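**Student:**
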Amino acid sequence: MLIDTSKGDYQPDHADSYSNQPKTSSKRTPCRHGDSCFSADCPYRHSRDWRACKNGTRCNDYTCSDNHPPNRKGKCRHGNTCRKVDCLYLHPIANKSKRPDQNDSQRVRHYSSDSCDQSETYHQEQSHSKRSYSNQQSNEDDFSKESSKNTEKIQSKENRRLKSIDVRMVERKTADLPIFASRKKICERLQQEKLLLVMTDTESDASTQLPQYVAECFPDDLIVCVEQHSIAARRFAHRVAYEYDGTEEGDSVGYLIGTTNYQKSECVTGQNIMYMTDTALIHEFQTDSNLSLIRVLIIDNVHERSLNIDIAMGIAKLLLSKRKIDFYVVLIASIHINSVPFLNFFHHSSSR
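Quick note on the numbering used here: the sequence shown kicks off at 58 and runs consecutively.
In structure tokens form, the structure reads like this:
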């Protein structure tokens, strides 16, 4: 499937072999991952003990014991004693349905502006924080009210920490990039065809926008965008993290720079979008020949031919045949090049 973002429209490709592929697989075939499979919609057979969390990487339940993807947010090793207000890990949630009695009210965690918590055991010790409560002998009602106010502030800060999709859409409409008009079509066609060749110019910012669009189509999965140069991988990850989350890298967006003769590997983990050098992708493929953690593989600037980019396209072609149900590929190329050789390589026909 070929999309020309400069025109903004397309016609369905009726001759596409991928669109005719079966959408289901036999339950009689055992899953190669066995009961460790974390895909809740896996079409293969598992034992009765198999449990996969339907929320995937979005699961925030500390007590959930179902299978989760490896890139799901981990549990904080400090548990309830964690003092970091903006901690990025999962924590146990107190039972709010239970009305606190006299003893319970003394166990409620109290936060000051410098993230110091106080509990019953802390009342027996001297406070070493910069801003502690001046009166630790106040009544239970005062403690409860202060705790409630501080908890609301913490929750409000957490809710403001990452951008919502509504905010992102407003900002995209304001930016008015050419590729934004094709956003919905790209997502729809990718889910149908499994392979897209997006022809675009440099002003469209496809390298930063396409991974975001695809991540919103597959919110529970990992999207990898392959770049030839480490500088581009870092720069794009930094920009996309700000546009997608409103933060630095490390939440939804990250990057992985592969080991070369000149530098060691460098990684900042992202839950949804990872920018990766072609060297890093090849190394990941050597470790996991199915790239089982990756749902969508985006290869940027495929027209800038190199040995590693050709290998990356070979990996994409191989996995499209091996993972016929849960793997997708997007190729980004210049609008000025001939698309036929790329489509022929993937045994794909052209449609605009």
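Backbone N, C-alpha and C fix where the C-beta goes; we use that ideal spot for every residue, glycine too.
The structure displayed is predicted, hence computed values, not measured ones.
If you follow the alpha helix (DSSP H) that S378 is part of, which residue opens it and which one closes it?
**Tutor:** Its alpha helix (DSSP H) spans residues 364-379.
**Student:** Give the range of the beta strand (DSSP E) segment to which I392 is assigned.
**Tutor:** Looking at the DSSP string, I392 is not in any beta strand (DSSP E), and its letter there is neither H nor E.
**Student:** Let me know the alpha helix (DSSP H) ranges lying completely inside the stretch 222-273, each 4 residues or longer, listed in chain order.
**Tutor:** Those alpha helix (DSSP H) runs which fall completely within the stretch 222-273 and span 4+ residues are 222-232, 240-250.
**Student:** Return the chain-ordered list of same chain residues with a C-beta closer than 7 Å to the C-beta of K132, the five sequence neighbours on each side being excluded.
**Tutor:** Excluding positions up to five away in sequence, the list reads Y119, Y146, L147.
**Student:** N365 and T344 - do their beta-carbons sit closer together than 8 Å?
**Tutor:** It is not a contact, given that the beta carbons lie outside the stated cut-off.
**Student:** Buried or exposed: L219, going by 16 or more other Cβ atoms within 10 Å of its Cβ?
**Tutor:** Answer is exposed; the Cβ neighbour count stays below 16.
**Student:** May I ask which residues mark the beginning and end of the beta strand (DSSP E) holding T86?
**Tutor:** Element bounds for T86: n/a, residue is neither H nor E.
**Student:** Whose C-beta lies closer than 7 Å to the C-beta of H393 among residues of the same chain, with five residues either side of it excluded?
**Tutor:** Same-chain partners within the cutoff: there are none.
**Student:** Kindly list the residues whose CB is nearer than 7 Å to the CB of Y332, restricted to its own chain and excluding five residues on each side of it in sequence; keep chain order.
**Tutor:** Counting only Cβ-Cβ distances below 7 Å, and skipping sequence neighbours, we find C282, E284, A290, F293, A294, Y312.
**Student:** Mapping the DSSP letters down to three states, classify V283 as helix, strand or coil.
**Tutor:** Correct three-state label for V283: strand.
**Student:** Starting from the Cα of D277, find the closest Cα among F237, F95, F403, P87 and give me that residue.
**Tutor:** Of the candidates F237, F95, F403, P87, the one whose C-alpha sits nearest the C-alpha of D277 is F95.
**Student:** In its own chain, which residues sit with a C-beta less than 6 Å from the C-beta of G307, not counting the 5 before and 5 after it?
**Tutor:** These residues qualify, in order along the chain: V325.
**Student:** Compare the C-alpha of T138 against each of T334, I150, C244, K111 and name the closest.
**Tutor:** Among T334, I150, C244, K111, the Cα nearest to that of T138 belongs to I150.
**Student:** Note down the Cα distance separating G303 from H404, rounded to an integer number of angstroms.
**Tutor:** Roughly 40 Å separates the two Cα atoms.
**Student:** Consult DSSP for Y146 and reduce its assignment to one of helix, strand or coil.
**Tutor:** Y146 falls in the coil class under three-state DSSP.
**Student:** Give the straight-line distance between the Cα atoms of R108 and T86, rounded to the nearest whole angstrom.
**Tutor:** When rounded, the distance between both Cα atoms is 18 Å.
**Student:** Quick one: is the Cβ of T231 within less than 7 Å of any heavy atom of the ligand GTP?
**Tutor:** The ligand GTP is absent from the structure shown, which contains no ligand whatsoever.
**Student:** Rounded to a whole number of angstroms, what is the C-alpha to C-alpha distance between H185 and S104?
**Tutor:** Legend: pLDDT at H185 = 42, less than 50; position of this residue unreliable, value from coordinates given subsequently. Cα-Cα distance, rounded: 53 Å.
**Student:** Who pairs with N124 in a beta bridge, going by DSSP?
**Tutor:** DSSP output for N124 lists A109 as bridge partner(s).
**Student:** Who pairs with K220 in a beta bridge, going by DSSP?
**Tutor:** None; K220 has no bridge partner.
**Student:** Let's test the definition: count the other Cβ atoms within 10 Å of the Cβ of R246 and tell me whether it reaches 16, buried, or not, exposed.
**Tutor:** Buried, since its Cβ has 16 or more Cβ neighbours within 10 Å.
**Student:** Please tell me whether V386 and L354 are closer than 8 Å, where the distance is taken between their beta carbons.
**Tutor:** The answer is yes: Cβ separation under 8 Å.
**Student:** So, helix, strand or coil for G303, using DSSP?
**Tutor:** Residue state, collapsed to three classes: coil.
**Student:** Since I356 sits in a beta bridge, which residues does DSSP pair it with?
**Tutor:** Answer is V283, L388, bridged to I356.
**Student:** Between D123 and A298, what straight-line distance do the alpha-carbon atoms span, to the nearest angstrom?
**Tutor:** Each residue's Cα considered, the two are about 29 Å apart.
**Student:** Could you tell me the distance, in whole angstroms, from the CA atom of T231 to the CA atom of R225?
**Tutor:** If you take the alpha carbons of T231 and R225, they lie about 10 Å apart.
**Student:** Could you give the residue range of the beta strand (DSSP E) that holds I330?
**Tutor:** Element bounds for I330: 330-334.
**Student:** Is it the case that the Cβ atoms of P100 and G113 are separated by a distance below 8 Å?
**Tutor:** Result no, Cβ atoms of P100 and G113 do not sit closer than 8 Å.
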